[in-house]
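Everything below concerns the one structure shown next.
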Amino acid sequence: MKYETVMGLEVHVELATKSKLFCACSTEFGSDINENVCPVCAGMPGTSLMVNKKAVELAIAAGLLTNSEISPRITFDKKNYFYPDLPSGYQLTQLYSPICKNGWVEIETDAGKKKINLVQIHLEEDAGKLIHDDWTDTTLIDFNRAAVPLIEIVTRPDFRSAEEVVAFLEKLRSLLSFADVSDCKMQEGSMRCDLNLSVREKGTEKLGTRTEIKNMNSLKAIAAAIAYESQRHIDALETGDEVLIQETRRWDDSIGATFSMRDKEDATDYRVFPNPDIMPVFIDDEWIDAVGSNLPETAQDKFIRLTQGLGLPEYDSEIITRSKNLSNIFDETLKHFNNPKEVANWIIVELLSIAKGDNKGEDDVRIDCRKFAKLIELVDGRTINRNVGKKILSLILEEGIDPVEYAEKNKLGMINDTSLITSTIQEVLSENPKALEEYRGGSKKVHGFFVGQIMRKLGGKANPQIVNKLLVEALKEI
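15 is the number of the first residue of the sequence shown in this note's numbering; add one for each residue after it.
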């Protein structure tokens, strides 16, 4: 407790535009290598650049969501450094006139609420992607990502714990994804984080030697890197280690450690100067108001609507509003079957269970909401039972079947015939004398065994409420 960790973030967020920042090439993720490249984004001399209006609007939206000041006039600058995935030898960015300044985002952790202040948000082009081939000991370059528009969100050194960093990134991801500024998929690189970290004795004002950890793309890795790097700094301070220098490091998730990449550059190393080939962009209040009026419902607003307006429990609402994709599925399904609690239950319990089994995240779930609503209605109306409904849900996801047609074709309607269920119960009890003795001996768990056997005999189609009721009556008479 003698030391405190001081951190600031540089968060890179790729914007949800269909084309790149200065040309018409596609930004689609997963395209064939070097498919989306033209002379402009390949950095060829003599090409003409035009600023993507949609990218500017999405950056304005990000500024509004983070309580930032929107600059009335923005320009682009050349940041010079030579790296293989930067085809022109420089990066087009904003140093002198960034689009947003002096914003803040409120986070909440176990320690309470805290305001994280932003230095600025600026527009810039992304670099390409290096592909290291260990088999041939070569490095290949995919320029599809080169010049994809992104914003860099630069915070002040306001973080003191990994919990605060994770809370900020989760809040930022929620704000930007719900507003369709970005999909914020860290696993695809559309949201990445550079972490600037130093350690100092508590009570002192002077910052310690800073290291930067580059391109972190998972919350788990970020938390682990903070723990490792903080301890590395503390060990150096305790031993008087002179090796602690300002540098850029990378995180190796496989062994849980950081490694030096290079000495940290200063601003002068980049030789930034204004780009005379791109005219200034002027942003008036009318444009800002137009962007603001078109912003969708935020996750926080939706949480209030679900809990106060629709009466959902806070637990259900928290799960649904932590993912824009789940939120959309909920809203769309509700249009076709107006029972908020049942729709929420099927999303949280059944849909996410299948997704987890398929190793899919919440943002990757895809389903026809009209068919999903039909299925929920079949179960809610007791046309089919829930177990049958679960199987049909899997078929909707895998094959896109229509649940009503499938249930009718395969005669999956729920069995409510009490005489048939009663006779089946008697069969199961007579066929399992040992389990019956266990029940007589006070074992209640065999009740579930009997239910399973009854349902199996009836093809899983029996009404479970009737089965349980009649089984309890039958066991009382034994």
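Here a beta-carbon is modelled for each residue, glycine too, at the ideal position from N, C-alpha and C.
This one's a predicted model, so the numbers in the text were calculated from it and none came from an experiment.
Original post:
Under a three-way DSSP split, which group does D197 fall into?
Top reply: coil
Original post:
Since N131 sits in a beta bridge, which residues does DSSP pair it with?
Top reply: W118
Original post:
Shortest alpha-carbon distance to P86 belongs to which of E71, P98, K93?
Top reply: E71
Original post:
Mind checking L209: buried by the 16 CB within 10 Å criterion, or exposed?
Top reply: buried
Original post:
Closest by CA to D382, which one among F344, E83, N399, V162?
Top reply: Closest option to D382, Cα to Cα, is F344.
**OP:** State the start and end residues of the unbroken alpha helix (DSSP H) segment that holds K374.
**Re:** Annotation for K374: no alpha helix (DSSP H) segment contains it, and DSSP assigns it neither H nor E.
**OP:** Would you please state the rounded distance, in angstroms, between the beta carbons of E376 and L389? I believe it to be under 8 Å.
**Re:** Not a contact, Cβ separation roughly 20 Å.
Original post:
Which full runs of the beta strand (DSSP E) of 3+ residues lie inside the region 250-319, going along the chain?
Top reply: Runs of beta strand (DSSP E) with 3 or more residues, each lying fully within the region 250-319, are found at 261-266, 271-277, listed in chain order.
Original post:
Apart from the five residues on each side of it in sequence, which residues of its chain come closer than 6 Å, Cβ to Cβ, to C39?
Top reply: N50, C52, C55
**OP:** Since I believe L484 is in contact with I439 (beta carbons under 8 Å), could you give me their beta-carbon distance rounded to a whole number of angstroms?
**Re:** The pair is a contact, with the Cβ atoms about 6 Å apart (cut-off 8 Å).
Original post:
How big is the Cα-Cα spacing for S45 and A313?
Top reply: C-alpha of S45 to C-alpha of A313: approximately 31 Å in a straight line.
Subject >> Inter-residue Cα distance where the pair is R264 and M275 >> reply: 6 Å
Original post:
Below 8 Å, can you find three or more Cβ-Cβ pairs linking the region 356-364 to the region 215-226?
Top reply: The region 356-364 makes no contact with the region 215-226, as fewer than three CB pairs between them are under 8 Å.
**OP:** Quick one: residues in its chain with C-beta nearer than 8 Å to the C-beta of S204, no 5 flanking neighbours on either side, listed in chain order?
**Re:** V27, E28, F43, S196, D197, C198
Original post:
Within this structure, are the beta carbons of I113 and I130 separated by less than 8 Å?
Top reply: Cβ atoms of I113 and I130: not closer than 8 Å.
**OP:** From the DSSP output, read off the bridge partner residues of K185.
**Re:** K185 is not bridged to any residue.
Subject >> Test item: CB-CB of N66 and L35 under 8 Å >> reply: yes
**OP:** Inspect the beta-carbon positions of S191 and K370 and report whether they are closer than 8 Å.
**Re:** Result no, Cβ atoms of S191 and K370 do not sit closer than 8 Å.
Original post:
What does S45 pair with, by DSSP beta-bridge criteria?
Top reply: DSSP output for S45 lists no bridge partner at all.
**OP:** Write down the C-beta distance between V179 and I248 rounded to the nearest angstrom, noting that I regard them as a contact closer than 8 Å.
**Re:** About 18 Å separates the two Cβ atoms, so there is no contact after all.
Subject >> Simplified DSSP assignment, three categories, for R246 >> reply: The answer is helix: DSSP assigns R246 an H, G or I state.
Original post:
Whole-angstrom Cβ separation of N94 and Y104, contact assumed at under 8 Å?
Top reply: Right, the Cβ-Cβ distance comes to about 5 Å (below 8 Å), so this counts as a contact.
Subject >> Range covered by the beta strand (DSSP E) that runs through T169 >> reply: 163-169
**OP:** Give the secondary structure of F36 by DSSP, where H, G and I count as helix, E and B as strand, and everything else as coil.
**Re:** coil
Original post:
If we ignore side chains and look at the alpha-carbon of each, how far apart do W12 and T41 end up?
Top reply: Examination of residue 12 is not possible in this model, given that the chain is present from 15 through 492 alone.
Subject >> Through-space distance from D194 to D124, alpha-carbon basis >> reply: 29 Å
Original post:
Any contact of the region 485-492 with the region 461-469, i.e. 3+ C-beta pairs under 8 Å?
Top reply: When C-beta atoms of the region 485-492 are compared with those of the region 461-469, three or more pairs fall below 8 Å, so the two segments count as touching.
Subject >> Residue from P59, I135, T61, G22 with nearest C-alpha to A73 >> reply: I135
Subject >> For Y17, three-class secondary structure by DSSP >> reply: Three-state DSSP puts Y17 in a strand.
Original post:
Start and end of the beta strand (DSSP E) containing Q479?
Top reply: Careful: Q479 lies outside any beta strand (DSSP E), inside the alpha helix (DSSP H) at 478-490.
Subject >> As assigned by DSSP and simplified to three states, the class of K220 >> reply: DSSP places K220 in the coil class of the three-state scheme, outside both helix and strand.
Subject >> Pairwise C-alpha distance: E356 and D394 >> reply: 8 Å
**OP:** Would you tell me roughly how many angstroms separate the C-alpha atoms of E419 and I429, rounded to the nearest one?
**Re:** 18 Å
**OP:** Can you check DSSP and say which residues form a bridge with D156?
**Re:** K143
Subject >> Residue burial classification, N158 (beta-carbon count within 10 angstroms, cutoff 16) >> reply: Buried, by the Cβ-count rule.
Original post:
In terms of residue numbering, what span does the beta strand (DSSP E) encompassing Y104 cover?
Top reply: First-last of the beta strand (DSSP E) with Y104: 104-107.
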